[in-house]
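Here is the structure we will look at, set down as structure tokens.
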Amino acid sequence: MYQTFEQAPVLFRGIGHSVNPASTLVLKVLSASPSAYSASPKTKLSTPSITGSTIALVSVVQARNNARMLISGSLDLFSNRFLRSGVLKAGSLNKHEKSGNEQFVTEISKWVFHERGHLKAVNVTHHRVAELAEPAMYRINDDLEYSIEIYEWSGSSWKPYVSDDVQVQFYMMSPYVLKSLSTDLKGLYFTSFKVPDVYGVFQFKVEYQRLGYTSLSLSKQVSNIIVILFLGCFH
């Protein structure tokens, strides 16, 4: 989501919140220290509902339409005072002349505004093996090839996105074929397979969801698979 680097501690003054660990839409990016606990200062102290690093201080949300949002329990986190303050980490003699707030806020803002973790898919193609033209329909047991190009925005230009977990479905009500795509490490993903022995209207579908990245949802329909029947009449 954002670059990893050695940075000074982040100064935070505010409230914490909890994150549903089962949710695939929200991600905790700044958590409390192991000794922290969450409680109301106006009520009698009881067993805290959340403690330690389970307390989220800053979280981000990416909706299913790829809209992004940041949730912070502190406005001071973004203040000039906190950005410029020196900080001494508890239990350490190493004092940082400047907190890690500016670096943290800068990097997380890049993700929120789609300058990081933003993917695009282009040039989706399919055709029979040894051909280049995209047919209007396929026949049962045809050998076909499928390809797609995926790129990631680096903040200044589109770079090849490299991963080994991109898959394509040949889909009609349910996936009849599910194939992992190979990559040339330059943005191109590709595979080949045989058209199943089933009549119907199929779709090539790519549903790609990876934490911290925009999700990709692409589909391309092909016309009815042709079944050729030979009827003979013998006397």
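Numbers 0 to 234, taken from numbering that gives the first Met the number 0, label the letters of the sequence shown in order. Where is the CB? At the ideal position from N, CA and C, for every residue including glycine. Small disclaimer: the values here were computed from a predicted structure and weren't measured.
Using DSSP's beta-bridge definition, name the partner residues of residue i.
i	result
V200	Per DSSP, none; premise fails for V200.
I70	S58
L177	Q168
Y36	T50
L26	V59
How would you label residue i, buried or exposed, when you count the other beta carbons within 10 angstroms and need 16 or more for buried?
i	result
F112	exposed
V197	exposed
S98	buried
N19	exposed
E121	The sequence given here places Val at residue 121; Glu does not occur at that position. Exposed, since its Cβ has fewer than 16 Cβ neighbours within 10 Å.
G186	buried
R83	exposed
A55	buried
R115	buried
G72	buried
A132	exposed
A31	buried
F229	Residue confidence for F229 is low, a pLDDT of 40 falling below 50, so the modelled location carries little weight and cannot support an answer.
E148	buried
List the whole-angstrom C-beta distance separating residue i from residue j, where the pair is believed to meet the contact cut-off of C-beta under 8 Å.
i	j	result
T46	A35	Incorrect: roughly 15 Å between the Cβ atoms, too far for contact.
Y145	F203	6 Å
S58	K27	5 Å
L76	F11	6 Å
D142	K193	6 Å
Given a cut-off of 8 Å on the beta-carbon distance, is the pair residue i and residue j in contact?
i	j	result
K219	V123	yes
G15	S37	yes
N93	F81	no
Y207	V165	yes
S214	N65	yes
K158	Y150	yes
V167	T182	no
V161	L184	yes
Please list the terminal residues of the continuous beta strand (DSSP E) segment that includes residue i.
i	result
Q61	55-61
V262	Coverage of the chain is limited to positions 0 through 234, which leaves residue 262 absent and any answer about it impossible.
D142	142-152
F192	187-193
N64	Taken as a continuous stretch (DSSP letters only), N64 belongs to no beta strand (DSSP E), as it is neither H nor E.
M171	166-171
R115	Per DSSP, R115 belongs to no beta strand (DSSP E) and is neither H nor E.
Q220	215-221
K158	157-159
Hey, could you find the ends of the alpha helix (DSSP H) residue i is sitting in?
i	result
L82	79-83
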